[in-house]
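>
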Ligand SMILES: [Ca+2]
Ligand SMILES: [Ca+2]
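Okay, structure coming up:
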């Protein structure tokens, strides 16, 4: 960003000084934040204020709509199709490809940064954050605490629960993580530092204390807009892969038990709760010594359905599954800009390297977003790509979404006319040329289904010609 000087209200970073990085991850947060407009009632003054201080990417997408592969991808800047990390395993260190990568916190450590973090940075499995993150301060309770008995009537997995719990904010792990961050930001740190803050809400269990539910009285909660028969123009393969046996409540169960409105209310309550924790961290940054020489990046690892396309939770290649908040703020970044170019979470790593004047890593598959931070209208002839399992891809451009599944079936949506992705226009001849431009972005591998485990995670083998194709 050294070339971009002269913005008002910011101080230039001294040439001989490395800027700090504050890296904030929010788990399972879709576009239901005020500034992105994903839900008309979402009340997120702190994330909105952060966005007003820098650039928010309104067309940012995860590389996989599942925690582990999304975080593995952004921490290595490798696509799932390169690392082979598609589901909850393997971890970065178990992947023959990704294990050769230097993950973001380790790269900053190598560069002499003081690296420290708390909460969910990598996927939440035991020991993963400790392995990848220097000076990891812990999960502070992670997804907990859990009540003795479920709050909701959903009989499934113990983490799949929602409602008012516990009594006070300071019982929530995210509150404790924000307190940890406040303390670190009030101290004098060895500079430069890279600080990771990983929040757990609005990931299930969607619990928050009463006051956050009071912001969204149940009778006034607005449900997402849906149409009947939305799935009728989607292949059975496309419907089936999003309805694998999974721990999230099935659509039919939610409707039969009249839990749709409570689920939406609980999600909104959790979003506002976590927004307040983000606000505490940002206030501590402003009050401390590092407000002027710290880049802040805030992102979520993937989207979240709340009834759209007749489903709940993540694990889809539609807009509700892949679109995420991505906000970047810091020295010399223009204020209050919304960038509509298609960008990806795996672009964060190369972006942070350029912002902190570190050498680019040639193994990275993402691109630095610095040209867009300097000028949101900069030439950006790139599309974004996500995948859910081998061979299932979606391609995003500024206006369209293309989906191609491993069985060859496809979807195409024109967001300028159909932001909800209700109308699959793959067979509309008017779009033939533009569809082909999107289709050309899909890697050529094909995979054969071998089977699926009890969680519904399918395993695949590359066919012989894929094995020969090599490539990413
Ligand atoms: Ca997640
Ligand atoms: Ca439809």
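Numbering (our numbering), first residue to last: 19 to 490. Ideal Cβ placement from N, Cα and C applies to all residues, glycine included. Treat the numbers as computed from the prediction; the structure is a model and nothing was measured.
Buried or exposed: where does residue 462 fall if 16 or more other Cβ atoms within 10 Å of its Cβ makes it buried?
exposed
> If you measure from each CB to the nearest heavy atom of ligand 1 and keep those under 6 Å, what residues do you get, in chain order?
45, 46, 85, 221, 319 and 320
> Please find out if some non-hydrogen atom of ligand 2 comes closer than 8 Å to the beta-carbon of residue 439.
Yes, since a heavy atom of ligand 2 falls inside the 8 Å radius drawn around the Cβ of residue 439.
> Note down, in chain order, each residue of its chain lying with its Cβ closer than 6 Å to the Cβ of residue 85, except the 5 sequence neighbours on either side.
Counting only residues of its own chain and dropping the five nearest sequence neighbours on each side, residue 85 has a CB closer than 6 Å to the CB of 141 and 319.
> Quick check: does the Cβ of residue 248 come within less than 8 Å of any heavy atom belonging to ligand 2?
yes
> Just the Cα atoms here: how many angstroms apart are residue 4 and residue 219?
Nothing in the structure corresponds to residue 4, since the chain is present only between 19 and 490.
> With a threshold of 16 other CB atoms inside 10 Å of the CB of residue 458, please say whether the residue is buried or exposed.
exposed
> What are the boundary residues of the alpha helix (DSSP H) that includes residue 371?
366 to 373
> What separation, rounded to the nearest whole angstrom, lies between the Cα atoms of residue 111 and residue 373?
For residue 111 and residue 373, the gap between their C-alpha atoms comes out near 27 Å.
> Consult DSSP for residue 20 and reduce its assignment to one of helix, strand or coil.
Unreliable positioning characterises residue 20 in this predicted model, as indicated by a pLDDT of 44, which lies under 50. A coordinate reading is not provided.
> Given 8 Å as the limit, tell me if residue 251 has its C-beta closer than that to any heavy atom belonging to ligand 2.
Residue 251 Cβ: within cutoff of ligand 2.
> Mind the definition here: the segment 160 to 167 touches the segment 88 to 99 only if three or more C-beta pairs lie below 8 Å; say whether that holds.
no
> Could you tell me the boundaries of the alpha helix (DSSP H) in which residue 255 lies?
Counting along the chain, the alpha helix (DSSP H) containing residue 255 begins and ends at 254 to 259.
> Would you mind stating whether residue 70 and residue 365 have Cβ atoms separated by less than 9 Å?
no
> Can you give me the C-alpha to C-alpha distance between residue 335 and residue 360, rounded to a whole angstrom?
15 Å
> What separation, rounded to the nearest whole angstrom, lies between the Cα atoms of residue 90 and residue 307?
One C-alpha to the other measures close to 32 Å.
> For residue 169 and residue 50, I'd like the C-alpha separation in whole angstroms.
24 Å
> Are residue 299 and residue 203 touching if we call contact CB-CB under 9 Å?
yes
> If you run the structure through DSSP and keep just helix, strand and coil, what is residue 213?
strand
> From residue 207 to residue 67, what distance separates their C-alpha atoms?
25 Å
> Indicate whether the contact test is met: 3 or more Cβ pairs, each with one atom in the segment 118 to 137 and one in the segment 372 to 386, closer than 8 Å.
At 8 Å Cβ cutoff, the stretches touch.
> When you compare each of 62, 223, 354 and 327 to residue 295 by their alpha carbons, which one comes out closest?
62
> I want to check one thing, is the minimum distance from the CB of residue 245 to the heavy atoms of ligand 2 below 8 Å?
yes
> By the 10 Å Cβ neighbour count, where 16 or more other Cβ atoms means buried, how is residue 350 classified, buried or exposed?
buried
> Between which residues of its own chain and residue 382 is the CB-CB distance below 7 Å, once the five residues before and five after are set aside?
95, 367 and 368
> Can you give me the Cβ contacts of residue 35 inside the same chain, cut-off strictly under 8 Å, excluding the 5 residues immediately before and after it?
209, 210 and 311
> Thinking C-beta only, is residue 93 closer than 9 Å to residue 316?
Taking 9 Å as the Cβ cut-off, residue 316 and residue 93 do not qualify as a contacting pair.
> Label residue 236 either buried or exposed according to how many other C-beta atoms from any shown protein chain fall within 10 Å of its C-beta, with 16 as the threshold for buried.
exposed
> Rounded to a whole number of angstroms, what is the C-alpha to C-alpha distance between residue 226 and residue 455?
45 Å
> Take residue 404 as the anchor and find which of 380, 56 and 338 has the nearest alpha-carbon.
338
> What does a CB cutoff of less than 6 Å around residue 394 pick up in its chain, not counting 5 residues either side in sequence?
355 and 357
> If you scan the segment 167 to 239 from start to end, which runs of the beta strand (DSSP E) of 3 or more residues do you find wholly inside it?
The segment 167 to 239 contains these whole beta strand (DSSP E) runs: 180 to 182, 211 to 217 and 224 to 226.
> In the DSSP assignment, the alpha helix (DSSP H) including residue 310 goes from what residue to what residue?
From DSSP, residue 310 is part of no alpha helix (DSSP H); its letter is neither H nor E.
> Between 273, 261, 249 and 340, which lies nearest to residue 46 when the distance is taken from Cα to Cα?
With distances taken between Cα atoms, residue 46 lies closest to 340.
> In the DSSP assignment, what are the bridge partners of residue 357?
75
> Any chance the CB of residue 446 is under 8 Å from a heavy atom of ligand 2?
Checking every heavy atom of ligand 2 against the Cβ of residue 446, none is found closer than 8 Å.
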